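Scroll down for the structure; my scribbles are underneath it.
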Amino acid sequence: MYNCVHAIVPCRTPYILREINQEKDQLPFEISVIAIDGPAAAGKTAVGWELAQTLGFAYLDTGIMYRAITWLALRSGISVDDTISLGEIARANPMELVANDNTKVAVAGLTLGTELREPCVDSNVSAVAKATAVRRELVAQQQAVAAGGNIVMVGRDIGTVVLPNADLKVYLTASPEIRAQRRWQEMRNRGETVELEVVLKDTVARDAIDSNREDSPLRPAKDAWELNTDGLDIQQVVQQIVDCAGTL
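Numbering (this note's numbering), first residue to last: 1 to 248.
This is the structure:
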């Protein structure tokens, strides 16, 4: 079960959120905190990163934080059902994002990147993310990052729990088939061999776990703008979000 976790070279330099390169008063609207939620493979990560780049905002993919805790637990041989130990891992290992790279996180003296997308992490991250002790620790870190404003934050409970007062809340969705197709293509691009049907089954299973967990279940905030990304590319989605922001 844990053979996907291998040795990582310790990081030697500090890592910080990328610097904001655009002043707020240059933007055509007054929004400074944008929350993007949605199920797995709805396009949150790619859209959120591109949106942040477009606006000159900082960016935080909260999912990568839960993946890091999952990876650390698997490396240590800790069961993803051991919520007490998972909470201890989260408390003992505060995270920092790698500057200008939305795919990596610095934690426990390591820089984790491609390891966070390995199949064993994919199949266990939803179980880890439903642990209340883990969510409590990571939400506090996420809220601290957002305190300075000018940020795009993506996840599954940003608009409902982490940043309920965000200026703009977006809920991205897509059909399970489209989302499975996206994940399958990403896995193929990484050289992984897996059947599309298996990815679809896993996508549906992750939806069920995320939507039915007791702590912070996946659901759109009451005041979120919902956008179905079926048939849309990243730039089209980003443009629609920017247009929406301009109307607020």
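Backbone N, C-alpha and C fix where the C-beta goes; we use that ideal spot for every residue, glycine too.
Please read all numbers here as calculations on a predicted model, not as lab measurements.
- Counting only runs that start and end inside the segment 38–119, the beta strand (DSSP E) elements of at least 3 residues fall at 58–61, 105–107 and 110–112.
- In the three-state reduction of the DSSP assignment, Thr193 falls in the coil class.
- With a contact defined as Cβ atoms closer than 8 Å, Leu86 and Ala140 miss out at about 15 Å.
- If the five residues before and after Ser211 are omitted, its C-beta is found closer than 6 Å to the C-beta atoms of Pro217 and Leu218, all from its own chain and listed in chain order.
- In this structure, the CA atom of Leu232 is about 24 Å from the CA atom of Ile64.
- Under the rule that a run must span 3 or more residues, the beta strand (DSSP E) segments found entirely inside the segment 136–222 read 151–155 and 168–173.
- Gln185 counts as exposed, since fewer than 16 other beta carbons sit within 10 angstroms of its beta carbon.
- Looking from the CA of Ala146, the closest CA among Ala127, Asp61 and Ala90 belongs to Asp61.
- Considering only Thr247, Ile241 and Gly246, the residue with the shortest C-alpha distance to Asp37 is Ile241.
- About 14 Å separates the beta carbons of Val47 and Ile178, which is beyond the 8 Å limit, so they are not a contact pair.
- For Ala35, the secondary structure class from DSSP, reduced to helix, strand or coil, is strand.
- Partner residues in the beta bridge of Leu227, as assigned by DSSP, are Leu172.
- DSSP, reduced to helix, strand and coil, places Thr132 within a helical segment of the structure shown.
- Comparing alpha carbon positions, the residue from Trp49, Ser123, Gln236 and Val170 closest to Ile209 is Ser123.
- Separation of the CB atoms of Leu163 and Ala108 is rounded to 26 Å, and the pair is thereby denied contact status at 8 Å.
- Val204 and Pro220 have their C-alpha atoms roughly 18 Å apart.
- The alpha-carbon separation between Val125 and Ala144 amounts to approximately 23 Å.
- When Tyr171, Ala35 and Thr83 are compared, the shortest CA-CA separation from Asp215 is found for Thr83.
- If you ignore the 5 residues before and after Gln142, its C-beta comes within less than 6 Å of the C-beta of Thr62 and Val162, all in its own chain and listed in chain order.
- Here DSSP, grouped into helix, strand and coil, assigns Asp122 to helix.
- When C-alpha distances from Ala52 are compared across Ile69, Ser32 and Thr229, the shortest belongs to Ser32.
- Taking the C-beta atoms as reference points, Thr229 is found nearer than 9 Å to Leu172.
- For the set Arg183, Val154 and Val237, the Cα lying nearest the Cα of Phe57 is the one of Val154.
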